[in-house]
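Comments concern the structure below.
There are 2 protein chains.
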Amino acid sequence: MPTDFAATRAQFDLPEGILYLDGNSLGPLPRNVAARLARTVTQEWGTMLITGWNKAGWMDLPTRIGDRIARIIGAETGHVVLGDTLSIKVYQALASALEMTPTRKVILSDTGNFPSDLYMAEGLCRTLGDGYELRTVAPEDVADAIDDSVAVLMLTEVDYRTGRRHDMPALTAKAHAHGALAIWDLAHSAGATDVKVAAGGADFAVGCTYKYLNSGPGGPAFIYVAPRHAETVRPALSGWMGHEAPFAFDLSYRPGNGIERMRVGTPPILQLAALDAALDVWDGVEIADLRARSIELCEAFIAGVEARCPTLTLGSPRDPLQRGSQVSFRHPEGYAIMQALIARGVIGDFRAPDVLRFGFTPLYIALDEVNAAVEILAEIMASDAWDTPAFKTRAKVT
Amino acid sequence: MPTDFAATRAQFDLPEGILYLDGNSLGPLPRNVAARLARTVTQEWGTMLITGWNKAGWMDLPTRIGDRIARIIGAETGHVVLGDTLSIKVYQALASALEMTPTRKVILSDTGNFPSDLYMAEGLCRTLGDGYELRTVAPEDVADAIDDSVAVLMLTEVDYRTGRRHDMPALTAKAHAHGALAIWDLAHSAGATDVKVAAGGADFAVGCTYKYLNSGPGGPAFIYVAPRHAETVRPALSGWMGHEAPFAFDLSYRPGNGIERMRVGTPPILQLAALDAALDVWDGVEIADLRARSIELCEAFIAGVEARCPTLTLGSPRDPLQRGSQVSFRHPEGYAIMQALIARGVIGDFRAPDVLRFGFTPLYIALDEVNAAVEILAEIMASDAWDTPAFKTRAKVT
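If you're matching them up, the sequences are chains A and B in order. Taking the UniProt record's numbering, I'd label the letters of the first sequence as residues 1 to 398. Taking the UniProt record's numbering, I'd label the letters of the second sequence as residues 1 to 398.
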């Protein structure tokens with residue numbers, strides 16, 4: 001049965017008069033989250049108190065939700081766990097991967113990676129000392145830069161600015177052929193594309209949930225470890241929740257079973273409850289349908305903007321197979337144009353120096369909304385409505 | 001004006017018929033949290049969407065709340081920030097401290113420390129390699145074990161099992177005299193005792209908020225860095241939120257101003273909102289009053305139990321100045337006794353092998369509740385009510 005996107009749209013509360021094309025920054029509020037949080041707070045925390053850890057199933061939420069996300073990212077059941085932030089999960093994957101490739105010292109990444117991933121790698125290299133190095137090349141040069149010096153290939157599948165999508169299976173295969181491991185950051189893939197971490201051969205994958213998975217501001221991150229590594233990987237962030245027996249209170253660390261060992265501290269139950277509720281929207285969604293609809297929306301937006309706004313330059317790959325679920329256009333006055341759009345109710349975002357980003361998420365964006373956004377953008381460009389001090393003065397950017 | 005503990009008690013929702021002496025595991029639900037969360041979800045996330053980061057002040061919550069906690073732990077304003085879990089904050093403090101003492105390789109801790117702190121130190125030593133070592137001694141031997149080989153003294157101020165409180169100023173001074181730094185874990189101190197990190201000389205302090213600060217299950221942790229280190233400390237977990245300009249998206253990391261650099265990833269806004277609301281209870285609380293009342297409650301409990309239950313052995317220091325805000329008693333059948341207590345509505349907890357733990361938090365526990373708990377415990381012990389298979393069979397322990 002094809003996915004019913006009108007039904008998924010009905011599960012979101014979106015403000016009247018808003019065309020929300022920024023789900024790639026922060027997903028909107030699914031309609032059932034408030035009630036679930038109220039229940040978690042009042043009925044679970046309020047009345048069960050400490051016993052909520054067992055009675056309300058809090059302790060197992062990180063792996064139960066992990067299984068729900070596994071389906072969305074094409075992972076094997078039982079190999080994804082939630083917790084921490086994406087930056088921490090990047091660090092965790094990277095530290096473990098480097099320990100598995102002890103004769104090599106190079107982390108290979110690209111300049112299109114999200115900066116926090118690069119910063120975390122930088123910090124880890126400094127802690128490791130001893131010649132460890134983060135090497136970054138342009139995104140299009142990654143394949144050629146994979147050689148036998150590389151310990152770990154660390155990439156974000158979909159570029160946060162351009163939406164350019166790396167070829168996970170091909171790059172991973174090349175990394176493996178050279179004896180390297182591959183870590184994939186799915187921040188802009190999970191819930192946005194037909195990402196397949198198992199088929200793609202990823203050794204580790206990490207991602208956040210507050211974008212296309214709609215878990216709310218600061219929702220927890222996830223980590224995937226390929227089954228072939230699950231019982232041998234050693235966590236560098238060896239917290240008690242990843243211990244084989246957390247409540248034995250042993251003085252020495254023993255890694256827990258499989259993916260459990262990638263847990264660190266006490267899980268954030270309120271954020272996890274919000275995420276768990278948010279994932280209900282996904283129950284009837286086929287990922288192949290999502291991908292097809294996403295491409296349809298993005299193509300319509302590109303065609304419309306290019307036909308109507310000749311001064312905007314496409315900043316995303318033209319081939320839909322090489323894009324995620326966002327489209328970027330470039331303009332030297334991109335900041336002001338985005339402010340003008342926001343003032344008209346079209347919410348995208350701006351990324352320095354000149355990128356206008358628009359995320360298209362079939363769960364709650366339909367074709368007529370894409371057309372309406374094109375119309376408003378075209379009006380703004382035709383009338384130079386962006387060209388006023390009110391829009392050109394930069395506020396603190398998020 | 002002395003603190004009005006009847007007024008603080010009125011700000012909590014506690015289930016009828018429950019004597020909750022487990023706030024040292026998970027604090028109960030403050031009455032205003034549900035409304036604050038509902039507002040954050042529905043009015044902020046739901047209607048502001050991505051603009052909530054600025055409009056609703058989400059971006060600054062970690063430092064704004066840090067200032068509220070600073071008062072409770074005797075820290076300077078502007079030097080505490082929230083985020084991550086306590087285990088991550090331990091790692092972060094430890095990695096930074098070791099980088100500041102480059103000629104030394106020993107982390108000194110004690111066997112009474114919370115295991116996760118030891119595990120994180122173990123993991124960091126493995127990542128650092130090169131002779132780094134976690135050395136643990138018995139709590140009473142810590143002072144003598146501080147010598148010129150020690151890089152970092154890492155202690156939890158109040159022992160999670162016995163409630164024994166280390167002398168922070170004396171041990172920190174001795175560490176400094178030997179050229180070492182001191183990291184204090186305040187998990188069982190913050191909101192429980194008159195902890196004074198600035199006066200105590202701590203270089204770093206970390207703690208959790210879901211115990212005595214009542215932020216709910218999995219509430220975020222905090223970290224304090226002494227002002228003298230604030231602008232020189234280098235974060236090992238160098239995430240984008242700790243960058244000098246997170247939204248410049250530079251490819252290289254530059255630490256942010258002062259405590260901001262200890263931020264890592266996107267902050268957990270729902271948990272932070274719950275914490276922020278929970279801290280309202282503290283607005284009228286003088287820490288000296290809290291400490292005095294806490295001692296009064298603990299002393300009454302010890303006197304009552306010792307008078308009525310001769311087979312229970314005090315597992316906490318007898319001198320109140322050497323205790324935090326919890327009292328432990330030991331008994332070989334401690335597990336069953338705790339189950340019998342819970343069945344009667346007295347919620348404490350059990351820690352292997354034989355520890356019954358009772359937390360006394362003046363914010364919502366009064367003297368008549370302490371006396372009622374003593375009475376129930378005495379009845380259970382006098383009647384051997386714990387001696388049934390129903391109580392002796394161990395369930396999964398939290």
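Think of the CB as a built atom: it goes at the ideal place given N, C-alpha and C, for glycine as much as any other residue. This one's a predicted model, so the numbers in the text were calculated from it and none came from an experiment.
The beta-carbon of Thr47 of chain A is placed less than 7 Å from the nearest beta-carbon of chain B. In the DSSP assignment, Thr313 of chain A forms a beta bridge with A:Arg330. Distances from the CA of Ser109 of chain B to each of B:Pro30, B:Thr311, B:Ser87 and B:Glu133 were compared; the closest alpha carbon is that of B:Glu133.
Along the length of the region 50-86 of chain B, whole beta strand (DSSP E) runs at least 3 residues long occupy 80-82, reported in chain order. Pro255 of chain A is bridged by DSSP to A:His243.
The alpha carbon of Ala292 of chain B has as its nearest neighbour, out of B:Ala303, B:Val305, B:Gly324 and B:Arg135, the alpha carbon of B:Gly324. Per the DSSP secondary-structure output, Ser325 of chain B pairs with nothing in a beta bridge. Segment contact: the region 366-381 of chain B against the region 11-24 of chain B, three or more CB-CB distances shorter than 8 Å; contact assigned. Within the same chain, Met168, Thr172, Ala182, Ile183, Trp184, Tyr224 and Ala226 come within 8 Å of Ala202 of chain B by CB-CB distance, once the 5 residues on both sides are set aside. Taken atom to atom, the span from the alpha-carbon of Pro235 of chain B to that of Ala199 of chain A is near 36 Å. DSSP, reduced to helix, strand and coil, places Glu157 of chain A outside both helices and strands of the structure shown, so it counts as coil.
Contacts with chain B (Cβ-Cβ distance below 8 Å) from the region 121-136 of chain A involve Glu122, Gly123, Leu124, Arg126, Thr127, Leu128, Gly129, Asp130 and Thr136, listed in chain order.
Rounded to whole angstroms, the Cβ separation of Ser252 of chain A and Gly265 of chain B is 29 Å, and the two are not in contact under 8 Å. For the 7 Å CB-CB criterion, Thr77 of chain B and Phe114 of chain B do not form a contact. Following the DSSP letters along the chain, one finds Arg357 of chain B inside the beta strand (DSSP E) bounded by residues Val355 to Gly359. Secondary structure at Glu133 of chain B: strand, using DSSP grouped into helix, strand and coil.
DSSP, reduced to helix, strand and coil, places Cys208 of chain A outside both helices and strands of the structure shown, so it counts as coil. Within the region 25-44 of chain A, the residues whose Cβ lies closer than 7 Å to any Cβ of chain B are, in chain order, Ser25, Leu26, Pro28, Leu29, Val33, Ala34, Leu37, Ala38, Val41 and Thr42. One finds Phe247 and Phe249 in chain A with Cβ atoms closer than 9 Å to the Cβ of Arg351 of chain B, taken in chain order. Across the region 85-100 of chain A, CB contacts with chain B closer than 7 Å involve Thr85, Leu86, Ser87, Ile88, Tyr91 and Ala95, in sequence order along the chain.
Between Ile259 of chain B and Val81 of chain B, the C-beta spacing is below 7 Å. Cβ-Cβ distances below 8 Å link Pro217 of chain B to Leu26 and Tyr210 in the same chain, with the five nearest sequence neighbours on each side left out; the list follows chain order. Below the 7 Å Cβ cutoff, chain A contributes Tyr119 as neighbours of His243 of chain B, in chain order.
For the C-beta of Asp13 of chain A, the chain B residues within less than 7 Å are, from N- to C-terminus, Gly46. Chain-ordered listing is empty here: chain A has no CB closer than 9 Å to the CB of Leu155 of chain B, the nearest sitting near 15 Å. At a Cβ-Cβ threshold of 7 Å, Val197 of chain A and Ile73 of chain A count as neighbours. The region 124-143 of chain A makes no contact with the region 274-281 of chain B: fewer than 3 CB pairs, one atom from each, lie closer than 8 Å. Between Leu321 of chain A and Ala307 of chain A, the alpha-carbon positions lie close to 22 Å from each other. Contact annotation for Ala236 of chain A against chain B: Gly123, Leu124, Arg126 and Thr127 [CB-CB distance below 8 Å, chain order].
Approximately 5 Å separates the beta-carbon atoms of Val233 of chain B and Ser96 of chain B; this is inside 8 Å, confirming the contact. By the Cβ rule, the region 26-38 of chain A counts as touching the region 24-39 of chain B, because three or more pairs are nearer than 8 Å.
Take Gln326 of chain A, set aside five residues on each side of it, and the residues of its chain with a beta-carbon closer than 8 Å to its own are Asn24, Val158, Gly163, His188, Ala192, Cys298, Ser316, Arg357, Phe358, Gly359 and Phe360, in chain order. With fewer than 16 other Cβ atoms from the protein chains shown falling within 10 Å of its own Cβ, Asp4 of chain A counts as exposed. When DSSP reads this structure, Ile223 of chain B sits in a beta bridge with B:Val81 and B:Val206.
Assignment of Phe12 of chain A by DSSP, reduced to helix, strand and coil, places it in the strand class.
For Arg351 of chain A and His331 of chain A, the gap between their C-alpha atoms comes out near 11 Å.
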